[in-house]
Structures are given as structure tokens and as C-alpha cells.
Amino acid sequence: MNIRALIERELNEEQREAVLWTEGPILVFAGAGSGKTKTLTMRIAYLIEGLKINPTNILAVTFTNKAAYEMKSRVEKLLNRNIDYMWIGTFHSMCVRILRREIHHLGYKSNFSILDEEDSVKLISDAIKSLEIPKDYFSPKKIYREISWIKSRGKFVNDYIPHDNYEVNVKRIFKKYEEIKKEGNLLDFDDLINFVTKVLNKYDEVAHFYGDKFKFILVDEYQDINPSQHKLLKALTKYHKNIFVVGDDDQSIYRFRGSTYELMLSFKRDFKGTKVVYLSKNYRSTETIVNASKGLILFNKKREEKPLKSTKKGGEKIKVYAALNEIDEAMFVVRTIDELISKGISLNDIAILYRTNSQSRAFEDILIRSGIPYRIVGGIKFYQRKEIKDIISYLRLLLNYKDFLSLERVFSFPKRGIGKKTIERIKREITSGKDMIQAIESVIKETSQTKIKENLEKFKENFKKWETLKDSVFTLVETIIKDTNFRDNLEDERRENVDEFLSIVRDFIDRSNTENLDEFLSYISLITDADKIESTEKVTLMTVHAAKGLEFDTVFVVGLEEGLFPHFKSLASREDIEEERRLMYVAMTRAKERLFLTYALRRTIRGRPEFPEPSRFLNEIPGEYVENLGEYSSQEESKSQFVRGVSVREGERIRHEEFGYGIVIEVHSEANNPYIVVDFGEGNIKQLSLKYAPIRKE
DNA sequence: TCCACGGGCATTTTT
DNA sequence: TGCCCGTGGA
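In this note's numbering, the protein residues as written are 231 to 928.
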């Protein structure tokens, strides 16, 4: 089908406008569920098919690999041809591609390795040690965050001006960290962005080259951009202003990682003559859900006012449930899921969203007990697992033997009887300019211990063999695993992960048509397992952050309590509260048909009982869209306890001599000191010992 | 070199 | 309450 006809048929007027405006900067506010990806992909298809732009002249940038894959495959479907030569990727992957060509300008070698967060923290910890600063005062993780924050502003060490003694030390650590990285030919995530900007700004011929190459630039999720990425875009658009950005400022939820949605709001001032388009039709959620979430987000002061209307009239009211505690909350959710199943709703269409990962536990317990299959998104990531990082270290080391982090990992696992001291020696040899084989040989010569000699000799032979396999990754990985007896003494789960890694290598080869180690490593360093596909029938559990961009027929947003959602760390400033509110907005707008909100009157946090207030967000949703389900409804599951001849159950009414009538929230049958928790109304909740409390049943 | 124990710490986390 | 990291002994 002709692309113009397709645009005519498939898009609404606003979307069409966003697609067809191809001269100069354009800013698109795409409200939740308004067909953002459709617009974006159609625009790319139009550039290629309608305007006959060569795909190599288009750059489309996303924040996640998943979004990039999806965009690419949807464009290919529209065009009915493959567009491998077009650059569709994340900010980071695009930067890696550029840097492999250009980083020599900055005195690095093109075979640099990429550090993940854990690696960076480790290096900072090394830096602190070498500076002999007390590390209890300077936590490596905290320092990493500070350094990363500075870099996310597009700044380098020398731009950082310390204001007090603490910051003076931060700067010293920062500087050392940069030195160590340079020495090991290592780059962290932030470097990838900043280095490209630096090259572009410093070498005009490079800026010319890429400015000329990328004649059209498209950026997805623009509300999540940080200043360093913004600087990069500025550098890329030095010679033309064909930049299309799309996003929703109300869905900006990564402020803590340096994102500033203000850059979206200021885009018009930033790029002169910007065309602004609002996608205002929500095709996803019912009118009730759209209006309710709109009502909530209006409490934010700093935002772009924009129209948003549901295309689905009416809809079920949003149900609010007040649970007694996290267990009752989970039981309510599971009971409701059971009802939905009997109505024929698929488990895949149901999601449970929470603010913090620790909340998943109660839901898991109850789901397991009820035999409802579930999947948890997030948690410990595949590529963060020790065994996986260990394998990857071998690969990294093969490509960049100055990668000291990998060197340490490689010699520490599997255990070879080679310790810290020996590793230090090898490091020193490499620093003085030797390659891996030479370095090992001279350590063998130096050492007097035969055991170490033997082990090093063996490793050297293996390493030599591996080096010949750089152009067939799969065989290489298999061989490494075999040669090092990698699988031995690994628990089943870890062993399965190793197998999973092998199939990832296979997938990569099939997908990219290359068996090259360099390419595989670039790829592997920048992916997370967000794009793992699972098709079996399961309820999805995840944080609200992880749910961004997804949609479900039925959504439960749980733990709506002051201190949890909004989180207590965000209560102090208006900006932080507004971010929490956007988070709530994202959570609500994931639902297509049904939305349930729950909170608990009592919650155990780190082993301590707390009695939180219901979240302010509940009050901010216009009442007309809400139906209150009231409190407590899980009698059949409740525990009971004998009190002086009488049994007390959760949910029962009792009378206390001093406090009057109350409802039993919890029953604890601890052998020595059985106690109950009773709600006497008006926020008066008491914990009472069954041995002594003057209570009777009514 | 390796393992076991205990103190400290505890949102969210696209790459 | 539970996990992670660092330390100290075998």
C-alpha cells in the first residue's frame, strides 16, 4: 500500500500533522495511550518511502533497546523491507558506534570496554583505597551517584567545583577514577555520551560528517532526556535543525537519574521556530481512567497543559480497597484475580504495580498459595548475575587486556589458586606495556611457587587458544566454559543461567549475522533483559517504573500509603512529590479497562509495624470516578487465637475496658506472648497482649 | 586463599 | 527483617 494512503487511513489529524511536518524542529506532546509509537514509525516510513530519504540519513534514538527493536520491526513491517542501514538505537549504542570510529581523537583506543554500574562502583572503591581516604565516610556507591550526576549534566572532572571539604575529596576520588578508567581503556555509561559530544564540539570535520550523515533525527521519550544527552543532540544538530522529539512531560519519572523534563518544556525556546503538536486522543483507557488520572496530574504545578480525551466512553469505576495489612491486601488482589479469571480474563492482561521491590514478597506468598502463576519483572537482572559477569569478563579481557576489572574476575573465578598478589603482578606487567601472554610469562619466571607456575602456564595456553577464536563467538564461549570447567561446582540455577547465556550468543549471531567478538561485546554491554519475551499465562508483578510504556486490561496499584507511595524520601520537596505524582499517573494510565487501588492500614516495614495514612493521591482523584470497597473482607483466611476460653478471629469485634469497641486486625499466635492488633477507630490502633489485656468478645 | 560471621543499611534504576 | 560487604581466623 502506498504510504500516503496509509497515513490518510491509519492516522488521526494530529498524528498526521506530526508525521508530515518535515522541515525544521518539531515537538510532539504525546499523552498516555495516544499512539506515539505509531506516529513515530509512520514518520520514519514516510521519510523513506514518501520523501525518498536514504535510511542511512536517518537517526532514531530511544532510551531502551526494547523500544529500538520495536520501532525497527514496526517500520520494516510498514515498508515491507528491512532497514538495517538505518540507525535506530539507544543513545548509548549510537555513541558506542560513533566512538569506535572517533575515540582516537581523545587518546583512547577503539577497543575500549564499557563498564556497568557495578564495575564503576568497584573502580571508585579502588580509587578511594588508593587515596587512603576513610571509606566509611565516602561510600563508593554514593560517590558513584554523585559523579554520575555531574556527568549527566554533561560535565567533566575539571568542571566540578568543590564547595566544602567533603566535595574536595569527592573531586579527588573523581579524578582518580577517571585516571584508572583511562589507564584501563574503560568507559562508563556517562562517558559514552559525553565523549561523543566532546569529539563533535572539538573537531568540526567530525561534526560536519555526522551532521551531514544524520539529515533527520528523531528522539523518543524526550521527557527522559538529561542535560548531557541534550548537549549531544545540540552538537549533532549544529548544521541542520531537522529534529523531531516526542514524549509526555507528565510521564517523566527518572529525575533521580538525571532526567529533566524541563528540557522538553523549554524545547521551543531551545530550537527556534519549533512546530508543536499535541496528540490528544487516548485510545488505550476508558473515559473513567483517563479523567481520573487527569484529575490527579492537575495537582502538579510545573507541567505543560495539554488536551487529552478518551475514545472509549464510560467505563467501570476505579475501585479502592483499604486492607488491614499487606497480607490482607495481597489476599484481596488474589481474590479479585480469581473473579476475573472466572470471567474469562487472561492472566497476561493483569498487572500488580508497586512502588518498591520489597512489596512483591507478600504478593508472591499469596499467589503461590493460590496456585496462580506469576512473573516478576525486574529484580536481579540476568546480566548482573555473578556467573554471567564472570563469563563476560573472559570476553572483555580477550579484547582489551588492560581491562583490569575483568582480569580480576577472570583469575578469581573459577578458582585457580591464584590470589591477589599474583593478579597485582600481572596487572603491573600489563601496565608497563606488555600484552597478556608476555605478562603471564614474566610472572611465571619471577615466581618461585610451582603451583602458581603450573596454573599460570595452563591459563596462558588456554588464552592463546581463545585468541584464535575471536571470529566465532559461540565456539569461543563454549570453549572457555569447557577449558575452565566453568560449570563445575555451580548450583543448578546458575548452571541454567550459563546455558541461557549460550542461547543468547546463538540469538545474537542469528539476528546480527556476525560472529564477531567485538560486536557481540558492544551489544552485550548495553542490554538489559527488559526484552525477554514470555508468552505463558502469568500475572505480571513489577514496580511502576518498570511498567512505563506497557498496558494491561486490569491493573492493581498497591501500597498507596503516605511514606510508601509517595515514598518517604520524596516527602520533603515539591519537586519530588510531583515526580511521585507523575509516577502515580504512569501507574494509573497503564490500565485499559479496570483499575484497582489498594492501601493497608497497617504495614510491617523492616520488621516494624507501621500505621500509615492513606496516600494523598487517593484524595486527589476526583471522587466521581471512584468506588470505595471499604475495609477488610478475608474472614475465611483469618487466623484465630484462644483467649481465656474464647477464640478471637481477625475481623471480629471485641471490647476493651479502657479503649471500648474495636476490630481485630491481626492475630499473632506466638507461643510465649500471643497478641492481637486492634483498630479502635479514628486512627487508634493498638497492639494488645492476649495474656493480660482486659478484653472480651462482643 | 577461602569461608563464616556480624555490623550496617535499606526507592525507583532505560544504559 | 533480610541482604551485602568487610574482616578475621583456619
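We treat Cβ as the ideally placed atom computed from N, Cα and C, and that holds for glycine. Quantities reported herein were computed from a predicted structural model and do not represent experimental measurements.
A Cβ-Cβ contact shorter than 7 Å links A821 with S515. In the DSSP assignment, T504 falls outside any beta strand (DSSP E), carrying neither H nor E.
Judged by beta-carbon spacing, R605 lies beyond the 7 Å limit of G789, meaning their Cβ atoms are not closer than that value. Taking Y753 as reference, the option from S303, T320, M272 and E306 with the minimal CA-CA separation is T320.
In this structure the segment 240-253 touches the segment 506-526; the number of beta carbon pairs closer than 8 Å is three or more. A Cβ-Cβ separation of about 20 Å leaves E638 out of contact with V728 under the 8 Å criterion. Scanning K266, P255, T252 and I278 for the CA closest to the CA of I233 turns up I278. For F419, the enclosing alpha helix (DSSP H) has its first and last residue at F419 to K432. Residue ranges of uninterrupted alpha helix (DSSP H) with 4 or more members, entirely inside the segment 526-572 and ordered along the chain, are 556-572. Per DSSP, E691 is one residue of the alpha helix (DSSP H) stretching across T680 to E697.
Counting C-beta atoms within 10 angstroms of its own C-beta, A592 has 16 or more neighbours from the protein chains shown and is therefore classed as buried.
Within the DSSP secondary-structure output, W317 pairs in a beta bridge with L289. By the neighbour-count criterion, in which a residue is buried when 16 or more other Cβ atoms sit within 10 angstroms of its Cβ, N521 is buried. Using a 10 angstroms sphere on the CB of I447, the tally of other CB atoms reaches 16 or more, which defines it as buried. The C-beta distance from V735 to F693 rounds to 19 Å, too long to meet the 8 Å contact threshold. Of the residues assessed, H334 falls on the exposed side of the cut-off, its CB having fewer than 16 other CB atoms within 10 angstroms. One thing to note: V449 has its Cβ within 7 Å of the Cβ of V291. It is roughly 8 Å from the alpha-carbon of F368 to the alpha-carbon of I358. In the three-state reduction of the DSSP assignment, E781 falls in the coil class, being assigned neither a helical nor a strand state. Per the coordinates, the alpha-carbon of F562 lies some 17 Å from the alpha-carbon of I575. Judged by DSSP in its simplified three-state form, F643 adopts coil rather than helix or strand.
Every alpha helix (DSSP H) of 4 residues or more that sits fully in the segment 299-385 is shown, in chain order, as 321-332, 347-361 and 370-382. The Cβ atoms of A275 and K266 lie no closer than 7 Å to each other. Looking at the DSSP output, T834 shares a beta bridge with P839.
For the options L309, T252 and R375, the alpha carbon positioned closest to that of A235 is the one of L309. Considering only L827, P924 and E854, the residue with the shortest C-alpha distance to A553 is L827. In the structure shown, Y484 falls within a coil segment according to DSSP collapsed to helix, strand and coil. Taking E238 as the centre and dropping the five residues before and after it, the same chain places the C-beta of R246 closer than 8 Å to its C-beta, in chain order. Non-local beta-carbon contacts of D665 in its own chain, meaning distances under 8 Å to residues more than five positions away in sequence, involve Y631 in chain order.
The alpha-carbon of G545 is positioned some 27 Å away from that of E534. When the alpha-carbon of R824 is set against those of I567, K768 and E708, the nearest one is in I567. Residue environment analysis places Q481 among the buried positions, since at least 16 neighbouring C-beta atoms fall within 10 angstroms of its C-beta. Look at T267 here: in three-state DSSP terms it is helix. Around the beta carbon of E559, a 10 Å sphere encloses 16 or more other beta carbons of the protein chains shown; the residue is thus reported as buried.
F501 is not a Cβ neighbour of K524, given a cutoff of 7 Å.
Rounded to the nearest whole angstrom, the CA to CA distance from I519 to Y905 is 42 Å.
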